[in-house]
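**Q**
In this note's numbering, the protein residues as written are 1215 to 1337.
1) Helix, strand or coil, according to DSSP, for residue 1299 in the structure here?
2) In terms of alpha-carbon separation, which member of 1318, 1332, 1251, 1301 lies closest to residue 1265?
3) Can you tell me the Cβ-Cβ gap for residue 1317 and residue 1230, rounded? I've got them flagged as a contact below 8 Å.
4) For residue 1276, which residues from the same chain have a beta carbon less than 7 Å from its beta carbon, with the 5 sequence-adjacent residues on both sides left out?
5) Could you give the DSSP three-state label for residue 1246: helix, strand or coil?
6) What do you reckon, are the CB atoms on residue 1314 and residue 1235 nearer than 9 Å?
7) If you check the beta carbons only, do residue 1249 and residue 1233 fall under 9 Å apart?
8) Using C-beta distances below 7 Å, list every residue in its chain close to residue 1290, excluding the 5 sequence neighbours before and after it, in chain order.
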């Protein structure tokens, strides 16, 4: 009987508890800001991977379906476009060295612009 049969360890993705966002941190609390930055980095990696997977599904569907791809891949294309738009709204134009404070300011400016221009659509 192999030794591995009694040591059945189940591997799952590591789960991190959610931490405070940067707007909930005190100004001088460097630890809280660091944890918020790490949470932002993990969220960005997850969101980027989701967009990458949806993009790959769209490409595969387009190749597989050929001329009927526009009709048969509509839901996949719509899901990808929605995810890519949401990713760009949150992370676009920040740059590779952007941090959680930059993203928070971008969100704040977007909400202020929408409050000043309620008749114009956000996207």
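Ideal Cβ placement from N, Cα and C applies to all residues, glycine included.
**A** Inspection of the coordinates gives the following:
1) By one-based count along the chain shown, residue 1299 stands at place 85. If DSSP states are grouped into helix, strand and coil, residue 1299 belongs with the helices.
2) Taking the first residue of the chain shown as position 1, residue 1265 is located at position 51. Closest option to residue 1265, Cα to Cα, is 1301.
3) Position 103 of the chain shown, counted from the start, is the residue given in the question as residue 1317. Position 16 of the chain shown, counted from the start, is the residue given in the question as residue 1230. Not really, about 18 Å apart at Cβ, beyond 8 Å.
4) Position 62 of the chain shown holds residue 1276. These residues qualify, in order along the chain: 1283, 1287.
5) For this step, residue 1246 is matched to residue 32 along the chain shown. The answer is helix: DSSP assigns residue 1246 an H, G or I state.
6) For the purposes of this step, residue 1314 is taken as the residue at position 100 of the chain shown. For the purposes of this step, residue 1235 is taken as the residue at position 21 of the chain shown. Yes, Cβ-Cβ distance for residue 1314 and residue 1235 is below 9 Å.
7) Stepping through the chain shown from its first residue, residue 1249 is reached at position 35. Stepping through the chain shown from its first residue, residue 1233 is reached at position 19. Cβ distance < 9 Å, so residue 1249 and residue 1233 count as in contact.
8) Translated into positions along the chain shown, residue 1290 becomes position 76. For residue 1290, where only same-chain residues beyond five positions count, the Cβ hits under 7 Å are 1271, 1272, 1275.
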